[in-house]
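Colleague: The sequence shown: position 45 = 474 (the working numbering), numbered continuously. Each residue gets a CB set at the ideal place from its N, CA and C atoms; glycine is no exception. Please see the structure below; I have some questions.
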Amino acid sequence: MTLTPRCLVRGSINIDEFFSVDHIVLAGETISSTSFTRKAGGKGANQAFAVAKACGIPGSVVLDGAVGVDGVWVRELLYREGVDVARVRVLEDQPTGRAIIQSAVDGENSIVLYKGANYDLPPTDTYTDTSPSLSGFTHLLLQNEIPLSSTLSYLDSASQINGFTTIFNPSPMLSQDELRAFPWNKLGWLIVNEGELESLLVAFGIDQHQQQRKRQTEGKKNVGEEGDEIEERAKGRLNSLRRSKGCETLNVICTLGAKGILYSTTSKAENEIGYLAAAPLKGPVVDTTGAGDCFAGYFAAGLMQRRQDEPLDNILKTCLTACAMCVEKAGAMESYATKDQVIARLSS
């Protein structure tokens, strides 16, 4: 029996507290804030929210995480927007994760993170006889704002299910030792930016001079018409990653911000890299805060809703358009467009 596509997001849930200040506070200094805003956040919550917006079907995405009593309002907000929060635990003895953000008039910011309830592990989040339940799900979306042991436990369970789709966005980036020990052969899709891709290659011991020589040899023929230095550098790194031990069957997407994306899949010939330019904007860039999570969520939804033989480019163009609409507005979740709004933009 074919399951209805359903995504589980195992990830973080935060309360983001923004303080507008004249300048970032110095050591020993006390200053006044000119404004204060509290918003729902956390990469897990953001990505689940984006999946819900992209699918447009309540309950198609389930968020697995934890909040304190102080974060019940975040749980309720997600539920109202179509995220199934039955697996979001409310802890009596732990506060919700926090991001304390100072935003100065010169554009500088300073962020203090507190893990809070995100690091409270239920028994099924560790390698025990009781594995995380993935029954009824077809897709798993992971980030790196929860204990790595939890991520590994869920990934291990998913890898034992035939046809299960796994997506990992390792942000914040893992340590070099964690990158080397990560079971990449159990993962289906990896989403990274160029800096994260470079960290991976350093962990794998890829020689940077060797990469440069490869780029000079390979040329720019598969990178898109722009073919500038940033894209070409990322292309060489992407090829190097795919040649690394354990990563041969890994599908990789490398986001390049305003330059677009590069991607390499198991259906592509070796050394061939797909390129898509960023979607055009219809206004100035206001805030890029939630763009990465928007892309990951829309990509997961695109795989869930993918028609047989539908080109991957179609899904990626939808993701890029959703991201373009996202950066035209302030905030993260509140900047994510609905599926119908993205379709309308694509058609305009």
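When the Cβ atoms of the region 463-470 are set against those of the region 566-584, are three or more pairs found closer than 8 Å?
Modeller: Touching, no, given that fewer than three Cβ pairs across the two stretches are closer than 8 Å.
Colleague: Rounded to whole angstroms, what's the CA-CA distance from G731 to T595? Just pull it up for me.
Modeller: Roughly 13 Å between the two C-alpha positions.
Colleague: Could you compute how far the alpha carbon of K650 sits from the alpha carbon of Y704?
Modeller: Since pLDDT at K650 reaches only 45, below the 50 mark, its modelled position is unreliable, and the value read off the structure follows with that caveat. Rounded to the nearest angstrom, the two C-alpha atoms are 11 Å apart.
Colleague: Could you tell me whether the region 581-598 touches the region 742-762, where touching means 3 or more Cβ pairs closer than 8 Å?
Modeller: Too few Cβ pairs lie closer than 8 Å, so no.
Colleague: Please name the residue, chosen from E510, S441 and Q531, that lies closest to P524 on a Cα-to-Cα basis.
Modeller: Nearest option by C-alpha distance: S441.
Colleague: Excluding sequence positions up to five away, which residues of its chain have a Cβ less than 7 Å from the Cβ of V514?
Modeller: Within the same chain, V514 has close Cβ partners L492, R504, L507 and Y508.
Colleague: Which same chain residues end up closer than 6 Å to G689 when comparing Cβ atoms and leaving out the 5 residues on each side of it in sequence?
Modeller: If we look at G689 and ignore the five residues flanking it on each side, its Cβ neighbours are L705, A706 and A707.
Colleague: For the alpha helix (DSSP H) that contains N443, what are its first and last residues?
Modeller: Counting along the chain, N443 falls outside any alpha helix (DSSP H), though it belongs to the beta strand (DSSP E) covering N443 to V450.
Colleague: Determine the burial state of Q737: buried for a count of at least 16 other Cβ atoms within 10 Å of its Cβ, exposed for fewer.
Modeller: By the 10 Å Cβ count, Q737 comes out exposed.
Colleague: If you follow the beta strand (DSSP E) that Y727 is in, where does it begin and where does it stop?
Modeller: Per DSSP, Y727 belongs to no beta strand (DSSP E); it is in the alpha helix (DSSP H), A720 to M733.
Colleague: Can you list, in chain order, the residues of its chain whose CB lies under 7 Å from that of S462, leaving out five sequence neighbours each side?
Modeller: Correct list, in chain order: F448, S449 and V450.
Colleague: Checking the sheet assignment: what are the DSSP bridge partners for C683?
Modeller: V621 and L691.
Colleague: What three-state label does DSSP hand D742 in the structure shown?
Modeller: Correct three-state label for D742: helix.
Colleague: When you compare each of V519, F728 and R435 to L563 by their alpha carbons, which one comes out closest?
Modeller: Nearest option by C-alpha distance: R435.
Colleague: Between L619 and S579, how many whole angstroms is the CB-CB distance? I'm expecting something under 8 Å.
Modeller: Going by Cβ atoms, the distance from L619 to S579 rounds to 18 Å, so no, they are not a contact pair.
Colleague: Inspect the beta-carbon positions of N443 and D722 and report whether they are closer than 8 Å.
Modeller: It is not a contact, given that the beta carbons lie outside the stated cut-off.
Colleague: According to the Cβ coordinates, are Y428 and A528 closer than 8 Å?
Modeller: One cannot answer for residue 428 here, as it falls past the ends of the chain, which runs 430 to 777.
Colleague: Would you list, in sequence order, the uninterrupted beta strand (DSSP E) runs of no fewer than 3 residues that lie entirely inside the region 511-566?
Modeller: Qualifying beta strand (DSSP E) stretches, in chain order: 517-520, 526-533 and 538-543.
Colleague: Rounded to whole angstroms, what is the Cα-Cα separation between T767 and K711?
Modeller: Each residue's Cα considered, the two are about 17 Å apart.
Colleague: Determine the closest residue to M733 out of S777, T466, S489 and V454, with distance taken between C-alpha atoms.
Modeller: When each option's Cα is compared against that of M733, the closest is S489.
Colleague: Please check the pair G545 and G497, which I expect to be a contact at CB under 8 Å, by giving their CB distance rounded to whole angstroms.
Modeller: At roughly 6 Å, the Cβ-Cβ gap stays under 8 Å, so G545 and G497 are in contact.
Colleague: Evaluate N531 with the Cβ neighbour count: other Cβ atoms within 10 Å of its Cβ, from every protein chain shown; 16 or more gives buried, anything less gives exposed.
Modeller: Reading off the sequence, residue 531 comes out as Gln, not Asn. Label assigned to Q531: buried.
Colleague: Go ahead and label L629 buried or exposed: buried means 16 or more other beta carbons lie within 10 angstroms of its beta carbon, across all protein chains shown.
Modeller: Burial call: buried.
Colleague: Between the alpha carbons of C676 and I460, how many angstroms are there, rounded?
Modeller: Approximately 49 Å between the Cα atoms of the pair.
Colleague: Please determine, among V517, P487 and G511, the residue with the shortest C-alpha to C-alpha distance to G500.
Modeller: The option with the nearest alpha carbon to G500 is V517.
Colleague: What do you get for I540, buried or exposed, if any count of 16 or more other CB atoms within 10 angstroms of its CB means buried?
Modeller: It counts as exposed.
Colleague: Are the C-beta atoms of Y548 and some chain B residue less than 8 Å apart?
Modeller: The displayed structure is made up of one protein chain only, and chain B is not part of it.
Colleague: Kindly indicate the opening and closing residues of the alpha helix (DSSP H) around Y583.
Modeller: From DSSP, the alpha helix (DSSP H) with Y583 extends over L577 to S588.
Colleague: Look up I596 in the DSSP assignment and give the residues it is bridged to.
Modeller: Paired residue(s): L570 and W618.
Colleague: Measure the alpha-carbon distance for G665 versus W502 and round it to whole angstroms.
Modeller: If I take the Cα positions, the gap works out to 45 Å.
Colleague: DSSP has R467 in a bridge; who is on the other side?
Modeller: Paired residue(s): E446.
Colleague: Between the Cα of I486 and those of L570, T466, F465 and G511, spot the shortest distance and give me the residue it belongs to.
Modeller: I486 has its Cα closest to that of G511, out of L570, T466, F465 and G511.
Colleague: L569 to L775, Cα distance in whole Å?
Modeller: Those two C-alpha atoms are separated by around 27 Å.
Colleague: How far does the beta strand (DSSP E) with R435 in it reach, from first residue to last?
Modeller: From DSSP, R435 is part of no beta strand (DSSP E); its letter is neither H nor E.
Colleague: Thinking C-alpha only, which one of E627, S582 and Q589 is nearest M611?
Modeller: The sequence shown places Phe at residue 611, rather than the Met named in the question. Looking at the Cα atoms, S582 is the closest of the given residues.
Colleague: For L455, count neighbouring C-beta atoms within 10 Å of its own C-beta (all shown protein chains included) and say buried if the count is 16 or more, exposed if not.
Modeller: By the 10 Å Cβ count, L455 comes out exposed.
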